[in-house]
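Letter 4 of the sequence shown, counting from 1, is numbered 4 in full-length UniProt numbering, and no numbers are missing.
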Amino acid sequence: MAAEELYNEIPSLDLSDFTSGDFERKARFVEDLGRAFNQIGFVAIRNHGLTNELTKKLYDSAQSFFSSPDSLKQKYERPDLNGQRGYIGKGKETAKGFKVADLKEFYHIGQPEPVGNMPANVLPDEFPEFSEATQTAYRTLEDAGKQLLRAIALYLELPENYFDDKVQNGDSILRALHYFPLDPDKTPDGAVRAAPHGDINLITLLMGASADGLEVLRRDGKWISITALPDQVVVNVGDMLDRLTNHKLKSTIHQVVNPPREKMNQSRYSIPFFMHPRADMDLTSLESCIDAQHPKIYVDMTAGEFLDERLMELGLKK
Numbered sequence: 001m002a003a004e005e006l007y008n009e010i011p012s013l014d015l016s017d018f019t020s021g022d023f024e025r026k027a028r029f030v031e032d033l034g035r036a037f038n039q040i041g042f043v044a045i046r047n048h049g050l051t052n053e054l055t056k057k058l059y060d061s062a063q064s065f066f067s068s069p070d071s072l073k074q075k076y077e078r079p080d081l082n083g084q085r086g087y088i089g090k091g092k093e094t095a096k097g098f099k100v101a102d103l104k105e106f107y108h109i110g111q112p113e114p115v116g117n118m119p120a121n122v123l124p125d126e127f128p129e130f131s132e133a134t135q136t137a138y139r140t141l142e143d144a145g146k147q148l149l150r151a152i153a154l155y156l157e158l159p160e161n162y163f164d165d166k167v168q169n170g171d172s173i174l175r176a177l178h179y180f181p182l183d184p185d186k187t188p189d190g191a192v193r194a195a196p197h198g199d200i201n202l203i204t205l206l207m208g209a210s211a212d213g214l215e216v217l218r219r220d221g222k223w224i225s226i227t228a229l230p231d232q233v234v235v236n237v238g239d240m241l242d243r244l245t246n247h248k249l250k251s252t253i254h255q256v257v258n259p260p261r262e263k264m265n266q267s268r269y270s271i272p273f274f275m276h277p278r279a280d281m282d283l284t285s286l287e288s289c290i291d292a293q294h295p296k297i298y299v300d301m302t303a304g305e306f307l308d309e310r311l312m313e314l315g316l317k318k
């Protein structure tokens, strides 16, 4: 078996290789994506469908919303929805295992056309551009995510459309995040913009954030910085995909560090898309990912049960 690779930077792949219809390009993409997800859990993807124009509109409109008074933003808080839709104020989310809340505020957009008992989106009337841009980005990133899951299915030697019905009307979330300016003298000890954590979902798609700070924990214990080029989306494995594959595909711990002291007074915006299946997806580890060298490490549960457990750990659900 080849020695495990230690990456100094995350691999960059082109999604159009997968969708090109060219058998060899598609097969190479599957192999490269699978290897990266097995080794470090992160890749950067080009040709994901987001235009520069949409990305700019999204960031500009998010900035307008977050610059508005707290009293306006709080109109869109819906504690009854456990932070799954609308505005979530400062200091509400704490990473698993940490005592100090993260230094951020955010807004959650879910399925634009909810089905069944899924909650409708809570949209700010005063910011129609924000509502429009977030929902367009949601659909675009969901489409890219479906293609990536098809590539993952092929890498796992499953039928290409294995995930299609499981993410149809899934519980995916687009999160517009504002890491607000910090006063270095008043920042609580141990508080960071986002403490080290793994994501809950299947995969996360993150467009290049407005400032650096994202770091990934390599398996030798070294943190490496991630910088996505403006035309790239960073994609990482979440805990649900890790469970399904018995840790063959790795949900890698990552964090957003505080900027150097002289830059602490600047805002940072970031807009990740958390791709979730529907609550009824069975996350029992695939038989093909279990053998004598890799005994089964996770208890069986559905995506809904796992999500509930993690929301309680994060303090978003009581």
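Don't be surprised by glycine CBs; every beta carbon is placed ideally from N, CA and C.
At which residues does the alpha helix (DSSP H) containing residue i begin and terminate?
i: residue 19; result: 15-19
i: residue 270; result: Taken as a continuous stretch (DSSP letters only), residue 270 belongs to no alpha helix (DSSP H), being part of the beta strand (DSSP E) at 268-270.
i: residue 28; result: 23-39
i: residue 65; result: 52-66
i: residue 129; result: 128-155
i: residue 263; result: Note, residue 263: premise wrong, no alpha helix (DSSP H); not H, not E.
i: residue 166; result: 164-167
Can you tell me whether DSSP reads residue i as helix, strand or coil?
i: residue 210; result: Annotation note: pLDDT 49 at residue 210 (below 50); position unreliable, coordinate value reported separately. Of the three classes helix, strand and coil, the one that applies to residue 210 here is coil, per DSSP.
i: residue 255; result: strand
i: residue 337; result: Lying outside 1 to 318, the shown extent of the chain, residue 337 is not represented and no answer is given.
i: residue 304; result: helix
i: residue 235; result: strand
i: residue 229; result: coil
i: residue 86; result: strand
i: residue 281; result: coil
i: residue 9; result: coil
i: residue 286; result: coil
i: residue 313; result: helix
i: residue 118; result: coil
i: residue 217; result: strand
i: residue 81; result: helix
i: residue 241; result: helix
Does the beta-carbon distance from residue i to residue j come in below 8 Å?
i: residue 270; j: residue 206; result: yes
i: residue 199; j: residue 106; result: no
i: residue 18; j: residue 237; result: no
i: residue 302; j: residue 283; result: yes
i: residue 88; j: residue 43; result: no
i: residue 171; j: residue 311; result: no
i: residue 76; j: residue 115; result: no
i: residue 15; j: residue 147; result: yes
i: residue 144; j: residue 58; result: no
i: residue 111; j: residue 169; result: yes
i: residue 201; j: residue 254; result: no
i: residue 33; j: residue 195; result: no
i: residue 166; j: residue 240; result: no
i: residue 64; j: residue 130; result: yes
i: residue 133; j: residue 81; result: no
i: residue 30; j: residue 154; result: yes
i: residue 85; j: residue 119; result: yes
i: residue 72; j: residue 160; result: no
i: residue 47; j: residue 224; result: no
i: residue 246; j: residue 296; result: yes
i: residue 135; j: residue 109; result: yes
i: residue 220; j: residue 6; result: yes
State the start and end residues of the unbroken beta strand (DSSP E) segment that holds residue i.
i: residue 176; result: 173-179
i: residue 76; result: Neither: residue 76 is in no beta strand (DSSP E) and is coded neither H nor E.
i: residue 43; result: 42-46
i: residue 105; result: 105-109
If I'm right that residue i touches residue j with Cβ under 8 Å, what's the distance once you round it to whole angstroms?
i: residue 45; j: residue 235; result: 5 Å
i: residue 214; j: residue 226; result: 5 Å
i: residue 176; j: residue 62; result: 4 Å
i: residue 181; j: residue 267; result: 6 Å
i: residue 174; j: residue 141; result: 7 Å
i: residue 103; j: residue 288; result: Residue 103 to residue 288, Cβ: 42 Å. No contact.
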